[in-house]
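Undergrad: 766 is the number of the first residue of the sequence shown in the working numbering; add one for each residue after it.
Even for Gly, the Cβ is constructed at its ideal location relative to N, Cα and C.
Note that the structure is a prediction, hence the values are computed from the model and not measured.
Below is the structure I would like to discuss, written out as structure tokens.
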Amino acid sequence: MLGILTLNATVKEIPNPLPDPDGKLGDATKPVKVYVLAGQSNMVGMGNLSGAKNVYTGVYLSSDPVVPEGPVQIYRVGNYKASTLKVFLPDGTPTEKPVAEGQLEVPQHGVYQLHCGFGERSFGEMQLEGKEVYRRDAGGEPVKQDVTLKPGKRYAFKISGFKGTPPRFWMQKTDLLGNGDLEAVAKREGKFPWLVDGGGKWTVRNDVYFQEARLAKDGKGSPLSATSNGKTIGPELGFGHVLGTFHDEQVLLIKTAQGNRSLGFDFRPPSSGRTDPDNKFESLEYKLMVEGVRKTLDNIAEIIPGYKGQGYEIAGFVWFQGHKDSFTEKLIADYEKNLVNLINDVRKVFKTPKLPAVVAAVGFGGHNMQDKFLRILKAQMAVGDAKQHPEYAGNVASVDTRDFWCEVDESPKSEDYHYNRNAETYMLIGDALGRAMVGLLGGKAEPFPLTPRPKRVAGQQTAEPSEEQKVAAQKALRPIIMDGIAPTYIDNPRYNAALLSEASGQRPKRANQFLRGSMYGLINCYHAAGIHDYDWHDFGTDLNKAQWDYFSFDPSETLPVEKGNRYRKVTHPEGMANWFASEFDEGKAGWKKGLQPFGQLDGKLAALSENCTGHFCRCGVKPKTLWKKEVLLIRAPIDLPMLKEGHRYRIVVGGAAHVNSGEGYAIYVNGKLLAESKTGVFVRQGGQPRGAHIYSDVRD
């Protein structure tokens, strides 16, 4: 039975927050209110229900306005997020100056630790809401307390025990839980409280039935809850809760959506005509949408719990799509025309000339959206503008979703075309669509309050910071890195033992041709903070000026030229078996003298690469001495100052730091084998210096 659309006789206002579901079925004496939800993958629903993991190794906030906003990647250590903290004077006035007393506001719910000052300026006490959260006495270590803070609330702080200008302070978020899945958003952060009952379980709306009519064979449905769509949610959850609150009648949501589908081709409405009549896929999704709705309504008695033959009314159409049409100029240009035809054809096929329709505009990137999506957004917003489409005044509404965008660090995954799989985004879009639909039906809906999202200033993404700004940013990050990131790295059980071993010069149980151990990550922390006191540097004789004795030969143990991994045991020329011994006489053996680097390219003195700039590789440097044959033996007397305890020393073998390059080598010192590698550089091993460390057993 197809009913005629009617509006509520009395104006009903939808509050925020929504009331909890009462568990009752809808009024079975009135026709079921039917809503058709269509679109591509974002209407299918890509908001994760659970399982989100934090994309950052650490999250830090600083009262110093010079701290750079955004990711801070420290190679081999982690990917961190740094941002400035909102700080206010006691009267609520925003300030960027260092202050001893004021208010602070965090952007994200979580557990935090506060750190005050840096170095000699880190002694003192800090209180938050009258409670001590940080203290460091002279000669002692900092004592910090965990505090749970919420966004949107200002917390009073006070710093004491310092001399002169108040020190800057910074915060570390210690509960690096996943963000943006529905479990985190609703159960942990307390948003959308009507989704969770008193026992912490998902609520169920028995007065709203959700039916998936496109992807599941013969359809699949359930009373609306967070799990109705499986492991992900779409706009149906937020939309259904609003309309379930608005209607006394039973509500039926019919979703007919499929991923990777365009409006201009897959959903192409009949009124837009055909561009490829012989292609069976053109307009197929439109036909399947209509078919899915009709099949569902034909079986409504079996689908709706407690159905008593009261019939139904198709009450509204919801459209959420737009990504696929961005791939071609033609589909972008025709989007508005095709959307108008879609709305009109849906009304025609279901015999509802004024069927209310709401359109969710694309929101990829929020207010930092690409131009191609902005053009689609403009087309989608146009149909809800009575000035541009007066025929739709009061019966079509468009929803701008850009304010609902959440960044990667707020979300389960970096997947911009699926709104980073952020469940809050999908809830907000669905809720806004529902409230817009209520308005078209003659009701009123209180707007959902949102924290303003930052809007991009023109050109800010491409502006390269000056050297002065880079130095200032490093200095501002230094307290976070040196008192936060570096100590955490050192204390990590994964690295701690290796760091102690490397620092003492202890020989590892397992030899490694590559010279980057756990200490490399710690050095990168220092580099990120602008500190280079612990960099490797040349020591002793300048080897580039040293005269090397050398000999090159082709061994009798031959291998095909094309075969790799050529390092092997070979027979040396007569009299050269002990070529590495201290007493070996190079002159008698007929050796030549030359300068490093040794090498060749197709028999010529030419660099192996035009692009390599690695100072430890040097394959981009033209050789000074020709390496003519397969095996190369080189030796030279090297004068070194006394090696000191507490220092680290290494010998670097250049010319092969790239994947699938280089061969094995052996290094001898005073006639004794120091290190040997029997292989070159394999996949995922590139970009590292090769050679040997001088351990304490040799150093001492």
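Three-state secondary structure (DSSP) at lysine 1052?
TA: Working through the sequence shown from its first residue, we reach residue 1052 at position 287. Looking at lysine 1052 - three-state DSSP - the assignment turns out to be helix.
Undergrad: Report back the beta-carbon spacing between isoleucine 1141 and valine 1127 to the nearest angstrom; my notes put them in contact at under 8 Å.
TA: By one-based count along the sequence shown, residue 1141 stands at place 376. By one-based count along the sequence shown, residue 1127 stands at place 362. About 5 Å separates the two Cβ atoms, so the contact holds.
Undergrad: Out of Asn1064, Lys1143 and Met1134, point me to the one whose CA is closest to tyrosine 1100's CA.
TA: Within the sequence shown, residue 1100 is the residue found at index 335, counting from 1. It is Lys1143.
Undergrad: Is valine 801 closer than 8 Å to valine 1148 when the C-beta atoms are compared?
TA: By one-based count along the sequence shown, residue 1148 stands at place 383. By one-based count along the sequence shown, residue 801 stands at place 36. No, the pair does not count as a contact, with Cβ atoms beyond the cut-off.
Undergrad: In the DSSP assignment, find the alpha helix (DSSP H) that holds histidine 1006 and state where it starts and stops.
TA: Here the question's residue 1006 lines up with position 241 in the sequence shown. Histidine 1006 -> alpha helix (DSSP H) spans 1001-1011.
Undergrad: If you compare alpha carbons, which of Phe1046, Lys966 and Val1007 is closest to asparagine 1025?
TA: For this step, residue 1025 is matched to residue 260 along the sequence shown. When only C-alpha atoms are compared, the closest one is Phe1046.
Undergrad: Look at the alpha carbon of alanine 1162 and the alpha carbon of leucine 1049, and state the distance between them as a whole number of angstroms.
TA: Translated into positions along the sequence shown, residue 1162 becomes position 397. Translated into positions along the sequence shown, residue 1049 becomes position 284. Spanning the two alpha carbons is a distance of roughly 26 Å.
Undergrad: Taking contact to mean 3 or more Cβ pairs, one atom from each stretch, closer than 8 Å, check whether the stretch 974-982 and the stretch 1170-1179 are in contact.
TA: Judged by Cβ distances under 8 Å, the stretch 974-982 makes no contact with the stretch 1170-1179, as fewer than three pairs qualify.
Undergrad: If I follow the unbroken alpha helix (DSSP H) through serine 806, where does it start and stop?
TA: In the sequence shown, the residue the question calls residue 806 occupies position 41. Unbroken alpha helix (DSSP H) run through serine 806: 806-809.
Undergrad: Within this structure, are the beta carbons of tyrosine 1315 and isoleucine 1399 separated by less than 8 Å?
TA: Counting from one through the sequence shown, the residue named residue 1315 turns up at place 550. Counting from one through the sequence shown, the residue named residue 1399 turns up at place 634. Cβ atoms of tyrosine 1315 and isoleucine 1399: closer than 8 Å.
Undergrad: Do valine 852 and serine 815 come within 8 Å of each other at the CB atom, strictly closer than that value?
TA: On the sequence shown, position 50 is the one that residue 815 refers to. On the sequence shown, position 87 is the one that residue 852 refers to. Not in contact: serine 815 and valine 852 (Cβ atoms no closer than 8 Å).
Undergrad: Report yes if the C-beta distance between lysine 1443 and phenylalanine 1318 is below 8 Å; otherwise report no.
TA: Taking the sequence shown and counting its residues from 1, the one referred to as residue 1443 is at position 678. Taking the sequence shown and counting its residues from 1, the one referred to as residue 1318 is at position 553. No. Outside cutoff.
Undergrad: Whole angstroms are fine: how far does the CA of alanine 1197 sit from the CA of valine 1164?
TA: Numbered from 1 along the sequence shown, position 399 holds the residue referred to as residue 1164. Numbered from 1 along the sequence shown, position 432 holds the residue referred to as residue 1197. For valine 1164 and alanine 1197, the distance between alpha carbons rounds to 7 Å.
Undergrad: At a cut of 8 Å, does the stretch 943-962 reach the stretch 880-899 through at least three beta carbon pairs?
TA: In short, these stretches do not touch, since the Cβ pair count stays below three.
Undergrad: Could you check if leucine 1366 is buried or exposed, using at least 16 other CB atoms within 10 Å of its CB as the buried criterion?
TA: Taking the sequence shown and counting its residues from 1, one reaches residue 1366 at position 601. Exposed, by the Cβ-count rule.
Undergrad: Relative to the C-alpha of glycine 1340, which candidate in Lys1328, Ala1354 and Ala1346 has its C-alpha closest?
TA: Numbered from its first residue, the sequence shown carries residue 1340 at position 575. For the residues Lys1328, Ala1354 and Ala1346, the minimum Cα distance to glycine 1340 belongs to Ala1354.
Undergrad: Looking at the strands, I want to know which residues DSSP matches up with proline 988.
TA: Position 223 of the sequence shown, counted from the first residue, corresponds to residue 988. Partner(s): Tyr974.
Undergrad: Using CA atoms only, rank isn't needed, just tell me which of Gly1009, Gly823 and Leu1373 is closest to valine 876.
TA: If you number the sequence shown from 1, residue 876 lands on position 111. Among Gly1009, Gly823 and Leu1373, the Cα nearest to that of valine 876 belongs to Gly823.
Undergrad: Taking the beta carbon of aspartate 1404 as the centre, do at least 16 other beta carbons fall within 10 Å, making it buried, or is it exposed?
TA: Looking up residue 1404 in the sequence shown gives position 639. Classification of aspartate 1404: exposed, given that the 10 Å Cβ count is below 16.
Undergrad: Quick check on glutamate 1189: buried or exposed, where buried means 16 or more other Cβ atoms within 10 Å of its Cβ?
TA: Within the sequence shown, residue 1189 is the residue found at index 424, counting from 1. Flag for glutamate 1189 reads buried.
Undergrad: Compare the C-alpha of proline 863 against each of Glu885, Gly835 and Pro830 and name the closest.
TA: Within the sequence shown, residue 863 is the residue found at index 98, counting from 1. The option with the nearest alpha carbon to proline 863 is Pro830.
Undergrad: Going straight from the alpha carbon of methionine 811 to that of lysine 1089, what length do you get?
TA: Residue 811 sits at position 46 when you count from the first residue of the sequence shown. Residue 1089 sits at position 324 when you count from the first residue of the sequence shown. In a straight line, the C-alpha of methionine 811 is about 16 Å away from that of lysine 1089.
Undergrad: Which value, in whole angstroms, describes the spacing of the CA atoms of alanine 793 and threonine 1010?
TA: In the sequence shown, the residue the question calls residue 793 occupies position 28. In the sequence shown, the residue the question calls residue 1010 occupies position 245. Their backbone Cα atoms lie some 16 Å apart in a straight line.
Undergrad: How is the alpha helix (DSSP H) around threonine 794 delimited, first residue to last?
TA: Your numbering for residue 794 matches position 29 in the sequence shown. Neither: threonine 794 is in no alpha helix (DSSP H) and is coded neither H nor E.
Undergrad: If you reduce the DSSP assignment to three classes, tell me which class methionine 1202 lands in.
TA: As a working note, residue 1202 is residue 437 in the sequence shown. It is helical.
Undergrad: Name the one or two DSSP bridge partners that histidine 1458 has.
TA: Residue mapping note: residue 1458 aligns to position 693 of the sequence shown, counting from 1. The partner list for histidine 1458 (beta bridge, DSSP) reads Arg1415.
Undergrad: Using a threshold of 8 Å, state whether the C-beta atoms of leucine 1520 and glutamate 1001 are closer than that.
TA: Any question about residue 1520 goes unanswered here, given that the chain covers just 766 to 1465.
Undergrad: Buried or exposed for glycine 788, please, with buried defined as at least 16 other CB atoms from any protein chain shown within 10 angstroms of its CB.
TA: Walking along the sequence shown from the start, residue 788 turns up at place 23. The residue is exposed, with fewer than 16 neighbouring Cβ atoms inside 10 Å.
Undergrad: By the three-class DSSP mapping on this structure, what secondary structure does isoleucine 1019 have?
TA: Here the question's residue 1019 lines up with position 254 in the sequence shown. Strand, per DSSP.
Undergrad: Return the bridge partner residues of lysine 1358 from the DSSP annotation.
TA: Within the sequence shown, the letter at position 593 stands for residue 1358. BP columns for lysine 1358 point to Asp1314.
Undergrad: Across the stretch 1454-1463 and the stretch 1429-1439, are there enough close Cβ pairs to call them in contact, namely three or more that are closer than 8 Å?
TA: Yes, since at least three Cβ pairs between the stretch 1454-1463 and the stretch 1429-1439 fall closer than 8 Å, the two stretches touch.
Undergrad: By DSSP's criteria, phenylalanine 1213 is part of a beta bridge. Which residues make up the other side?
TA: Reading the sequence shown from its first residue, position 448 is the one you call residue 1213. Partner(s): none; phenylalanine 1213 has no beta bridge.
Undergrad: What does DSSP give as the partner residues of methionine 936 in its beta bridges?
TA: On the sequence shown, residue 936 is found 171 positions in, with the first residue counted as 1. Paired residue(s): Leu826 and Leu879.
Undergrad: When burial is assigned at 16 or more other CB atoms within 10 Å of the CB, is serine 1461 buried or exposed?
TA: Position 696 of the sequence shown, counting from 1, holds the residue named residue 1461. That one is exposed.
Undergrad: With a threshold of 8 Å, are at least 3 pairs of Cβ atoms found where one atom belongs to the stretch 1365-1384 and the other to the stretch 1287-1295?
TA: In short, these stretches do not touch, since the Cβ pair count stays below three.
Undergrad: Between which residues of its own chain and threonine 968 is the CB-CB distance below 7 Å, once the five residues before and five after are set aside?
TA: Position 203 of the sequence shown, counted from the start, is the residue given in the question as residue 968. Excluding sequence neighbours, threonine 968 sits near Asp785, Pro786, Trp959, Leu960, Val961, Asp962 and Ser990.
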